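J.: Position in the sequence shown (from 1) plus 86 gives the number in the working numbering.
A single structure is presented below for examination.
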Amino acid sequence: MLNDYLNLQFDVKGKTFSGFCMRIHDDFHLTYAVILEDCHSFCIWLDEKTSKWYSSKFTNLDQSVLDQIIGKLDVTEEANMLSVS
87 MLNDYLNLQF
97 DVKGKTFSGF
107 CMRIHDDFHL
117 TYAVILEDCH
127 SFCIWLDEKT
137 SKWYSSKFTN
147 LDQSVLDQII
157 GKLDVTEEAN
167 MLSVS
């Protein structure tokens, strides 16, 4: 599992995004609060039944930005699972 906090910094289409995400402990999904500079805040979660990521209803970001965040979470999750084994 993610150590509850992950710094983010990446470029998409020539724009730099930075911020962090923090794991929210809930009983239903693997859920993260994401805070990006310029006041973007939203939640994303993994529906483990469908293995599909979802974001909050009013997330107003390009899909490629969400894909970058989800990709970083996936890589971190995999690394943490390997270290636990």
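All residues carry an ideal CB built from backbone N, CA and C; glycine is no exception.
Just so you know, these numbers come straight off a predicted model, no measurement behind them.
For K135, does the three-state DSSP call read helix, strand or coil?
T.: Reduced to three states, the DSSP call for K135 is coil.
J.: Where D60 and S142 are concerned, what is the direct C-alpha to C-alpha distance, given to the nearest angstrom?
T.: Outside the shown range of the chain, which is 87 to 171, sits residue 60, and nothing can be said about it.
J.: Run through DSSP, which three-state label would L88 get?
T.: Note that L88 scores a pLDDT of 46, beneath 50, so its modelled location is shaky; the value from the coordinates is reported in the next line. If DSSP states are grouped into helix, strand and coil, L88 belongs with coil.
J.: Relative to the C-alpha of D148, which residue among K138, H111, K101 is closest?
T.: Of the listed residues, the one whose Cα sits closest to D148 is K101.
J.: Short check: CB of G123 to CB of F103, under 9 Å?
T.: First, the residue type needs correcting, since residue 123 is Glu and not Gly in the sequence shown. Against a cut-off of 9 Å, the Cβ pair of F103 and E123 comes out as a contact.
J.: Answer with buried or exposed for I110, where buried requires no fewer than 16 other C-beta atoms within 10 angstroms of its C-beta.
T.: Label assigned to I110: exposed.
J.: Would K158 and L94 qualify as a contact pair, given that the criterion is a beta-carbon distance under 9 Å?
T.: Cβ distance < 9 Å, so K158 and L94 count as in contact.
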